[in-house]
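Take a look at the structure set out below.
Protein chains in written order, with my numbering: chain A, 10 to 322; chain B, 1063 to 1734.
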């Protein structure tokens, strides 16, 4: 019974908390820019508004276009369900390991790109091309990061990796240092943050993610926005699980959750602050500098794996 | 009812040959050939698949001697698990392709329908014969008939000079490969004069000769498979051939080369030398990366798929190389894992790549266009083809829960085991290899999004595309068969692992299946539950149920309506379908990032041009770097030799006379 309960918690928590994480990042960014900000509940109001609006859909849209928001939502929810956030006792995690998690992100990316190409406007196809450009470099980089971690845990199962990292003696793994740096770069690129993309822009020449969802409106846009926040949440919890897993519960008993939940909240708060600081203090890259940025991440990931093999730890 | 499986295979082969010969009788009876003969050939393929499954299940090795061909040189035939597995590949893929071909071939193909029928079925029959051949003689006869039948099929439309050129290039490289294979067999029989595989198995070659045989096999079979740098025929021959033929060549024939290399390296040779694995691994990885990068910049749909095939062959070679590496260190369980990844991908790729080539055939027939820049929006006019192609595209991109992902997953799993290798140099190689596999998989997604997005999504780039429509029943059934198998393979990989089991047991002595299915058939656990697991069915149910719940909740809680209107497009007042990304535009980031890989010929318009023109041609550096110098040297030499040929009888008589004199001079010297 605790298994099912634990899985249930790990699905409901992201759905409810993900928009708040986004709201928190925006709030900190506002503070850093000396504005008062809209508060951490603004994304919820936004979602509520969008769900109530009529959806305007292009007359050229095919069924693929209507179906993609739901699919994206499903993909990101599953991704959250298999990443150990509060406890490592997840029955669904056996269905998909670290490689399948990357596959899941790739599935979502390919669907959103195809949906953007479906309407046949210049923005949509440009966004799709750029998203795939970011994707084909970020995806192998993320894989190398996960491999560095799985070499330590001797497993590609996320729960096993996290248990290995969290419950061994406290040790600093040199390979994880490189992997961690690579992960930060991938994190920024995959979640369309500055310096790769700017979530606040609608300037056609700079946008990636916004160009992809330009034709969506109403409930479909709401799902897309919610999906984006779920993705941010998934990446944050993945980073926590791989690099700062301390405090995670092995069994989802109420008492262990009492420790796990506040520690997760604290870590997410910190990540939000760091993200906001990084975004405030960096400028957006030209799109042709993005491959260099991501190639750096990829190479760091490879160096991480090499370090593990060279040092044998 | 206990007919030996090998007899049944021979029956299928002779059925194919009979159907082919009947094609000559009904040379121009189009309806008879397409509606009756091709479906019969398809049924024979299905029978072959069933026979192969039975043979894999029974696990018996059957041999047979056929008194065919030259006197004293009977055909030795043998059916073991490895042959049976590849027969299964032929059977499953050919059923779909033959059904499609039944609807596809029409009057204007350039060759009489009866003749096409003959070539097509002889092609199938010779491929099956390659797999059960058990001596070098039978093998080479079958191998060469396969090459010739496919050559004639490639040049079906022989009135177009470009197609003839592509056909010659294919024939040339096929024969370079055939020579290497023949020499390889020559080395393997070790001067015993007995060319049966049984004799080759019994020989104990020295390291030098075994390596020579191995290298010849890599060159010979590599030329057929299309690995670097012998890949140049592939992107020429595939677009030239009619689509069912491209499907058969790319999906099935390339796998015959994989079969041959597996047969020679794992069955006929017994030495385990570590650098063999490294060579195959490095060739495979460079081929994979090269193929996928070129696939991403192609502007012609069948060339794109051809380069994607090169990529997949590269992945197969990489998996095979890894298996060789593991075997050389006696880690047979891991070798079995890598081999399983290889074999799984053999079938997976055979199915989804055939499917994709068939869909291009439908698009070609419906629109008359093969250039991506003139397609678009076909999902509205050809929904069947589009959605079936979509399944192929998702599998080809290596996305869960489709079949491409399973093989990629198994391959990455086997790479992750390599830290156990006892050699530091190899251990350094592995992370780089793993990273290149990951990069290849991600780039494959890029190429496939381009393929699907530009052809089927967006707005039609030409007026006439709105007249396009779905093909007939035969074509739909053929494609749907391949699509269903692709889905099934992705969702229940353990079923196929069960069939692969006897193959890996035969080659490296270890089977994976009992461990892989230890936690139920729906969960794939190649080593142990703790180490790694993947449950595609769970995966699908997880995504599908969350989708459904989201859909129902949104509908229940909110009652907003849906309106249709013109695309917003950033609010620009006018737009047309030409504003979409072209195929060139979609390839632009790749051209920029991987510039050193390409030979670019680009013309950019200047601001003062009154009639601005833009073109970019991406070509292969191997042409200029490797093949053209060889061709020029050959021409130079033959021009010099040509001076001997004066065309006058007197001169030739003089040559004969001089030769005679020289011989008369030499004979006494030799006899003394």
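For each residue, glycine too, the CB sits at the ideal point set by N, CA and C.
Sheet register partners of residue i (DSSP bridge)
| i | result |
| --- | --- |
| residue 66 of chain A | B:1626 |
| residue 1126 of chain B | B:1139 |
| residue 1660 of chain B | B:1682 |
| residue 96 of chain A | A:258 |
| residue 1665 of chain B | B:1677 |
| residue 1362 of chain B | B:1433 |
| residue 1258 of chain B | B:1197 |
Buried versus exposed call for residue i [16 or more other C-beta atoms within 10 Å across all chains shown]
| i | result |
| --- | --- |
| residue 42 of chain A | exposed |
| residue 1661 of chain B | exposed |
| residue 27 of chain A | buried |
| residue 83 of chain A | buried |
| residue 1623 of chain B | exposed |
| residue 1494 of chain B | exposed |
| residue 52 of chain A | buried |
| residue 1241 of chain B | exposed |
| residue 1717 of chain B | exposed |
| residue 1768 of chain B | Limits of chain B in this structure are 1063 at one end and 1734 at the other, which puts residue 1768 of chain B out of reach. |
| residue 1389 of chain B | buried |
| residue 57 of chain A | exposed |
| residue 1014 of chain B | With chain B running from 1063 to 1734 in the structure shown, residue 1014 of chain B is simply not present. |
| residue 1681 of chain B | exposed |
| residue 235 of chain A | buried |
| residue 1607 of chain B | exposed |
| residue 1414 of chain B | buried |
DSSP-derived helix/strand/coil call for residue i
| i | result |
| --- | --- |
| residue 1329 of chain B | helix |
| residue 258 of chain A | strand |
| residue 1554 of chain B | coil |
| residue 1675 of chain B | coil |
| residue 1418 of chain B | helix |
| residue 1587 of chain B | coil |
| residue 1644 of chain B | coil |
| residue 1612 of chain B | helix |
| residue 1303 of chain B | coil |
| residue 210 of chain A | coil |
| residue 295 of chain A | coil |
| residue 1265 of chain B | coil |
| residue 1579 of chain B | coil |
| residue 119 of chain A | helix |
| residue 1156 of chain B | helix |
Delimiting residues of the alpha helix (DSSP H) encompassing residue i
| i | result |
| --- | --- |
| residue 1593 of chain B | Careful: residue 1593 of chain B lies outside any alpha helix (DSSP H) and carries neither H nor E. |
| residue 1432 of chain B | Looking at the DSSP string, residue 1432 of chain B is not in any alpha helix (DSSP H), and its letter there is neither H nor E. |
| residue 81 of chain A | 72–91 |
| residue 317 of chain A | 299–320 |
| residue 12 of chain A | 11–41 |
| residue 1069 of chain B | 1067–1087 |
| residue 216 of chain A | That residue, residue 216 of chain A, is in no alpha helix (DSSP H); it is neither H nor E in DSSP. |
| residue 1204 of chain B | 1198–1216 |
| residue 1720 of chain B | 1711–1733 |
| residue 1181 of chain B | 1175–1194 |
| residue 1620 of chain B | No alpha helix (DSSP H) holds residue 1620 of chain B; DSSP gives it neither H nor E. |
| residue 1707 of chain B | From DSSP, residue 1707 of chain B is part of no alpha helix (DSSP H); its letter is neither H nor E. |
| residue 1737 of chain B | Absent from the structure is residue 1737 of chain B, since the part of chain B shown begins at 1063 and ends at 1734. |
| residue 3 of chain A | Because chain A here runs from 10 to 322, residue 3 of chain A falls outside it and cannot be looked at. |
| residue 1220 of chain B | That residue, residue 1220 of chain B, is in no alpha helix (DSSP H); it is neither H nor E in DSSP. |
| residue 1521 of chain B | Element bounds for residue 1521 of chain B: n/a, residue is neither H nor E. |
9 Å Cβ cutoff met for residue i and residue j
| i | j | result |
| --- | --- | --- |
| residue 191 of chain A | residue 305 of chain A | yes |
| residue 307 of chain A | residue 150 of chain A | yes |
| residue 1143 of chain B | residue 1118 of chain B | yes |
| residue 1147 of chain B | residue 1187 of chain B | no |
| residue 1292 of chain B | residue 1404 of chain B | no |
| residue 217 of chain A | residue 311 of chain A | no |
| residue 1155 of chain B | residue 1107 of chain B | yes |
| residue 303 of chain A | residue 187 of chain A | no |
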